[in-house]
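Have a look at the structure below, then the notes.
Residue numbers (the numbering used here), protein chains in the order written: chain A, 1 to 370; chain B, 1 to 283.
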């Protein structure tokens, strides 16, 4: 492991009889931006609190910058944390809030202290607010103070706990960009927890997706997007969500290619291996669902569908489809100005086999593009 | 826009009634104190005069309280006892509130209920037992006996107020301080105590007032003038003969001991309101 990074080996957490986090191995390289994402209750906040030392591990070891810190208190771990509620000290000014985290040695030198705090504040553009108290700040300003309090400590690892979830949508987008820029500028190692997959995709060098206390998949954002390891990952990453259809293996065309089919869907040949009759789930992202002219009677090469709803988003249009054979699909198409789609219109649907994912009954991906 | 006359009349009448009630309440609560002030300014037979303001007000009673009675000593004793009781109560209650408001442990509710239960015993019921305890500790006729016995009723009060307040303080603040490298004492001194200031002021004032006014324990556990507190000293003020009750001096003493309490409450009144309501609306 590189110096300055973070290494978790077999880290687990149980609260009484319930498992909050199953044993987990995860390495974060120095300077890496890791986003831990998952639905609420998946154990991502617990993981962050374990790294911070606010909770004790039930098993496993945690190392920060090559040093085992499993049994060290939070203060001795070299971490700084930005809380969801910001947790600014309400009775202190912005200056005092930022200065609070500086070590006693650094506090002793008044001039150096003031310089460190001022530099940090300038970096975050809050240097004009030094004498205000948190109650006199807007949400975005409080957020910056909380980040400043973390930066000034120059920690080995930054921990962010859903830091943008209390901001309104416009501010959230701005802060997201700013956080990314800050990361590039500081070259800091960051572990960032969120439930928002857009934040995860845009910020992360690498994403760790947790579900039910287990690590579903860890990898680069586009790896998770294009090669989800499980059906859960496929459904969680990407908006609009991936379409899922129940299919069945109907034959084998080659040793590693199977044909899958469902009533009214026709037959698709995909690179996978499974015995005949195996029930599988076929996944395809809305942008890979192509609309064609309605298929002729008896034409099995295209799927007949009816438009149920159209959501024009400007550059893109979402088309909700009802398949003739039952089931629904969402297609995301480029602007359909030249081919207006009305509710109730009949269309044909083409699924590109190269873009289809297959998941076994237990959720594991058994094939996928690439 | 003009409102209909009937409506304006009703609104007018409502306002008059409101101020009449306020005035009635003020007379009810303030008149006894006013009468004490007036009586303290009278001497001799003028005390039996029922006019609202004395003909020839005099401060003679105030001088007499300090020259003829051991009153200065009593005021000092009261200040020491009430001050010490308040400080000990707050110090112990901060620790107790941290445990009860922050740490989840089996029996937490039972402990809270027991603390409340202790304060429900009538003073007279614990008097003899407490007397035995104080004799055993050899604290009889000392101010220490009073501080010890007053803690019985000030502690439940302060512990409950501070616990409710502590439970409302966001835990993240403390966790943030922990991650920021602050040890337990720094967290207490620089984060928790400043945030708890309103509750500390409210609880401290209530404890101080209770200790300042206490009579029964003070009467029972002290014997000599040099250990008496103000309420007992006032009750024992005696005149030149057994047939004379020096009402003027008693009233003057009563007014004097009220002043510090009124001053304290006025100084801290904004904080006391914040402290009493904080923690009251916990979800």
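Quick reminder that beta carbons are idealized off the backbone N, C-alpha and C, glycines included.
Put simply, the CB of residue 175(B) is near chain A, with a gap under 8 Å to one of its CB atoms.
In terms of beta-carbon proximity, residue 195(B) lines the interface with chain A, with at least one pair separated by less than 8 Å. Per DSSP, residue 8(A) lies in no alpha helix (DSSP H); the unbroken beta strand (DSSP E) holding it starts and ends at 6-15. Our two residues, residue 109(A) and residue 13(A), have alpha carbons roughly 41 Å apart in a direct line. Closest in alpha carbon position to residue 198(A), among 127(A), 221(A), 185(A) and 213(A), is 221(A). Proximity of chain B to residue 81(A) at the Cβ level (cut-off 8 Å) is accounted for by 175, 176 and 179, in chain order. Residue 173(B) holds the alpha-carbon nearest to the alpha-carbon of residue 194(B) among 181(B), 173(B) and 214(B). Between the C-alpha atoms of residue 177(B) and residue 72(A) there is a straight-line separation of about 16 Å. Apart from sequence neighbours up to five positions away, the residues of its chain that approach residue 74(A) with a beta-carbon distance below 7 Å are 52, 53 and 54, ordered along the chain. The three-state secondary structure of residue 226(B), taken from DSSP, is helix. For the region 149-177 of chain B, residues whose beta-carbon sits nearer than 8 Å to a beta-carbon of chain A comprise 170, 172, 173, 175, 176 and 177. Residue contact check for residue 60(A) against chain B: no CB pair falls below 8 Å. Chain-ordered listing is empty here: chain B has no CB closer than 7 Å to the CB of residue 23(A), the nearest sitting near 25 Å. A residue is called buried once 16 or more other Cβ atoms fall within 10 Å of its Cβ, and residue 135(B), having fewer, is exposed.
Listed in chain order, the positions of the region 51-75 of chain A with a beta carbon within less than 7 Å of a beta carbon of chain B are 52, 54, 74 and 75. Shown here, residue 59(B) sits in coil according to DSSP, grouped into three states, outside any helix or strand.
Of 154(A), 150(A), 156(A) and 155(A), the smallest CA-CA separation from residue 163(A) is found for 150(A).
Taking a C-beta distance under 8 Å as the contact criterion, residue 189(A) and residue 47(A) do not qualify as a contact pair.
Secondary structure of residue 223(A) (DSSP, three-state): helix. When C-beta distances to chain B are compared with 7 Å, every residue of the region 204-235 of chain A stays at or above that value.
DSSP places residue 81(A) within a strand segment (E or B) once states are collapsed to three. The residues 259 and 261, in chain order, have a CB closer than 6 Å to that of residue 267(A) in the same chain once the five nearest residues on each side in sequence are set aside. Take residue 274(A), set aside five residues on each side of it, and the residues of its chain with a beta-carbon closer than 7 Å to its own are 249, 258, 280 and 366, in chain order. For the region 264-301 of chain A, the continuous beta strand (DSSP E) assignments of 3+ residues that do not extend past its boundaries occur at 266-271, 279-284 and 289-292, in sequence order.
Taking residue 358(A) as reference, the option from 312(A), 228(A) and 45(A) with the minimal CA-CA separation is 228(A). Neighbours of residue 191(B) in chain A, taken as residues at a C-beta separation under 7 Å, are given in chain order as 89. Taking 8 Å as the cut-off, the Cβ atoms of residue 93(B) and residue 212(B) do not count as close. Within chain B, no residue has its CB atom less than 9 Å from the CB of residue 158(A), the nearest being about 11 Å off. Within the DSSP bridge table, the entry for residue 147(B) names no partner. Residues of chain B whose Cβ lies closer than 8 Å to the Cβ of residue 100(A) are, in chain order, 177, 180, 182 and 190. In this chain, residue 91(A) is not harboured by any alpha helix (DSSP H), its DSSP state being neither H nor E. At a beta-carbon threshold of 8 Å, the residues of chain B lying near residue 85(A) are 170 and 172, ordered along the chain. Using a Cβ distance threshold of 8 Å, residue 88(A) and residue 145(A) count as a contacting pair.
Ranked by Cα distance from residue 203(B), the first of 88(B), 67(B), 34(B) and 9(B) is 88(B). For residue 134(A), the three-state secondary structure derived from DSSP is helix. Separation of residue 155(B) and residue 85(B) (C-alpha to C-alpha, rounded to the nearest whole angstrom) is 9 Å.
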